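J.: According to my numbering, the sequence shown is numbered sequentially starting from 297.
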Amino acid sequence: MDLPATADGPHDVGLPDGFRIVLDRRARRIDGGAALLGGAPPRLVHLSRTARDLLAADSYTALTVTDPTTRALARRLLDAGLAHPVFPADRDRAPHGEKVSGADQVTVVVPVKGRSLYRLLGTLPANLGGLVVVDDGSDDPRTVADGVSAAGGLVLRHERSRGPAAARNAGLAAADTAFVVFLDSDVVPEPGWLAPLLAHAADPAVAMVAPRIVALGPVPDAGAARGAIARYEAVRSSLDLGPDPALIVPRSRVAYVPSAAMLVRVDAVTGHGRTAFDEDMHVAEDVDLVLRLHAAGWRMRYEPTARVAHDHRTDPSEWLLRKTFYGTGAAPLALRHPGAVPPVVLSPWSAAVCALLLVQRRWSVAGAAVVTAVATERLSRKLTRLDHPRRSAARLTALGLSGAVWQVGSALTRHFWPVAALAWPFSSRARRAVCAAALAEGVADWWVHRGRDPHARPGPVGFLIAHRLDDLAYGAGLWWGAIRRRTTAPLRPAGPGSAPKAK
């Protein structure tokens, strides 16, 4: 099947005067500022003397575009994921129902099936360029239509359900504005949600901007399974990509964004018979769009200062089925975009070290240390432009190894748990490895995410149980999808050199 492609890449990547960026908080200055480490995916970027002078000693000082030199530097840092746009803190934060600057260039598209929209419609700006609600085969159309006309919206109806991808495409085709915001019917945007998304439109190379999706409160505090899942989802939902801004890039910290809420530049996703979402996909169609936009050379941004609340599933059976359903999307994505969604990304030396550590023998641990030392020395020979190549190489190797161990530990309990389950009865080393990974990765994950929602605060035990169930459900869906499509593509590890490239 020929995939519907996105439009060609951006014709203009120049940033306007006055555009401001700030270094990512994870970016690290190496060798006295001679290079920057970080980005998406992680990389080491050497800086010229001019670039070092332009970037102040304080990593959080903004760089403003004022001339060709600052314009080129800002673009390079943005495209490397080493910096992010920064906008005035007092930018338009209009309450619900009031006018928002630039909203007349936006059409909101809502796919819905049998759900009232009063809660969502009340959050939209008064000066929207358009509102299109697509009724995807509801049994009672009046449930959907009520309130839409009063909000000045248009209702399109599919007599039978064609899926969310087709519904979004229908709404997009009816829009006549430069931008479209897709909102699912079970979300509630928070005040001031639209302005931060529109601010990114000043960069003509940006095709998509996504807000942070948080839990719709209040979060139950009961000790029952539903309450435990609600607390877990409030801090660890796969829809919530965290509090830090990011460049959206495959195989990076923010490799996708959900279509539950996103802004797109219409010219980037339509034209010449192209459609935004592949209607043959009923899961992961949003990830597919991200991958196609990236391949075409468009930039995409994640903006967490824009917040949209989502009514998470908390019924245990529904929650597990949804996680399994998400897992089935890995196989079609891996077949359509080879190398874009691997279970782990490991360099040859880090893969060798992890394999040796899993052997759990004294000689294998010693061998892992030798491989690490050799890798460090080889890397130092490639960093001769730095004043202290060995010191920098040791730091880079340590960061790479910690990331590799984290990935392998997570994969043992998520992507490859069926293999681990087969080995469990026959190998004490397999049991030790799985138990260590399940406990260490789970506790570390709880520690990292425990404070994302101050109203939830899940305990370590409840979080750990929910996290492991999450992994089991997703892994089951992944293997089921791979078996159905008769492919091992979503199960194959990849090396850093095989990453898909943008044009």
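Glycine is no exception: its CB is placed at the ideal position from the N, C-alpha and C atoms. Since this is a predicted model, take the numbers as computed values, not measurements.
Quick check on DSSP: helix, strand or coil for L359?
T.: strand
J.: Go ahead and label M577 buried or exposed: buried means 16 or more other beta carbons lie within 10 angstroms of its beta carbon, across all protein chains shown.
T.: buried
J.: Compare the C-alpha of A736 against each of D749, W702, D767 and H745 and name the closest.
T.: The shortest C-alpha separation from A736 is found at W702.
J.: Can you find the residues in the same chain that come closer than 6 Å, C-beta to C-beta, to V545, ignoring five residues on each side of it along the sequence?
T.: A336
J.: Taking its Cβ as the centre, do 16 or more other Cβ atoms sit within 10 Å of I779, making it buried, or is it exposed?
T.: exposed
J.: For L311, is the classification buried or exposed, using 16 other Cβ atoms within 10 angstroms of its Cβ as the cut-off for buried?
T.: For L311, the number of other beta carbons within 10 angstroms of its own is at least 16, and it is reported as buried.
J.: Which same chain residues, not among the five before or five after A689, have their C-beta less than 7 Å away from its C-beta?
T.: T672, L675, S676 and L679
J.: Out of A719, V484, I525 and R527, point me to the one whose CA is closest to L420's CA.
T.: Nearest C-alpha to L420: V484.
J.: Hey, could you find the ends of the beta strand (DSSP E) T403 is sitting in?
T.: Run containing T403: V402 to V408, per the beta strand (DSSP E) assignment.
J.: Mind checking V670: buried by the 16 CB within 10 Å criterion, or exposed?
T.: With fewer than 16 other Cβ atoms from the protein chains shown falling within 10 Å of its own Cβ, V670 counts as exposed.
J.: Taking all protein chains shown into account, decide if G467 is buried (16 or more other Cβ within 10 angstroms of its Cβ) or exposed.
T.: Burial call: buried.
J.: Could you give the distance in angstroms between the alpha-carbon of A330 and the alpha-carbon of V341?
T.: In a straight line, the C-alpha of A330 is about 9 Å away from that of V341.
J.: Where do the ends of the alpha helix (DSSP H) carrying A530 lie?
T.: A521 to R532
J.: Mind reading off the beta-carbon distance from D540 to R372? Whole number of angstroms is fine, and I expect it under 8 Å.
T.: D540 to R372, Cβ: 20 Å. No contact.
J.: Mind checking who F478 pairs with in its DSSP beta bridge?
T.: V405 and M558
J.: At which residues does the alpha helix (DSSP H) containing T566 begin and terminate?
T.: No alpha helix (DSSP H) contains T566, which DSSP labels as neither H nor E.
J.: Using the beta-carbon count (16 or more within 10 Å), is E455 buried or exposed?
T.: exposed
J.: My understanding is that R508 touches D482, with C-beta atoms under 8 Å, so please give their C-beta distance in whole angstroms.
T.: Not really, about 16 Å apart at Cβ, beyond 8 Å.
J.: Among all the DSSP beta bridges, which residues are the ones paired with D432?
T.: For D432, DSSP records a beta bridge to H454.
J.: In the DSSP assignment, find the unbroken alpha helix (DSSP H) run with T346 in it and report its ends.
T.: R345 to L350
J.: Residues in the same chain with beta-carbon distance under 7 Å from A498, minus the five sequence neighbours each way, listed in chain order, please.
T.: P312 and F315
J.: Count the other CB atoms, across all protein chains shown, that sit within 10 Å of the CB of R632; report buried if there are 16 or more and exposed otherwise.
T.: Taking all protein chains shown into account, R632 has 16 or more neighbouring C-beta atoms within 10 Å of its C-beta and is therefore buried.
J.: What residues in its chain sit with their C-beta under 7 Å from that of L616, if we drop five residues either side in the sequence?
T.: L765 and A769
J.: Shortest alpha-carbon distance to S397 belongs to which of G425, S412, R788 and V405?
T.: G425
J.: Between the segment 636-653 and the segment 702-711, do three or more beta carbon pairs fall short of 8 Å?
T.: yes
J.: Exposed or buried, which one is D395 when buried takes at least 16 other CB atoms within 10 Å?
T.: Here the sequence assigns Lys to residue 395, which means Asp is not the residue at that position. Under this definition K395 is an exposed residue.
J.: In this structure, does DSSP put Y552 in helix, strand or coil?
T.: coil
J.: Between the Cα of A317 and those of A358, D767 and D472, spot the shortest distance and give me the residue it belongs to.
T.: Correcting the residue type first, residue 317 is Ile in the shown sequence and not Ala. It is A358 whose Cα lies nearest to the Cα of I317.
J.: Give every residue of the same chain whose Cβ lies closer than 6 Å to the Cβ of H684, excluding the five residues on either side of it in the sequence, and list them in chain order.
T.: D327
J.: Could you have a look at P685 and say whether DSSP puts it in helix, strand or coil?
T.: helix
J.: Helix, strand or coil, according to DSSP, for E599 in the structure here?
T.: strand
J.: What are the partner residues of A331, as DSSP defines its beta bridges?
T.: BP columns for A331 point to I326 and H342.
J.: Taking the C-alpha atoms as reference points, what is the distance between V428 and V404?
T.: 6 Å
J.: Counting only the same chain and skipping the five closest in sequence on each side, list residues whose C-beta sits under 8 Å from that of D298.
T.: Low confidence applies here, because D298 scores a pLDDT of 38, under 50, leaving its location unreliable; read the following figure in that light. Within the same chain, D298 has no close Cβ partners at all.
J.: So what's H751 in DSSP terms, helix, strand or just coil?
T.: coil
J.: So I544 is in the beta strand (DSSP E); what residue range does that whole segment cover?
T.: Where I544 is concerned, there is no enclosing beta strand (DSSP E), given that its DSSP letter is neither H nor E.
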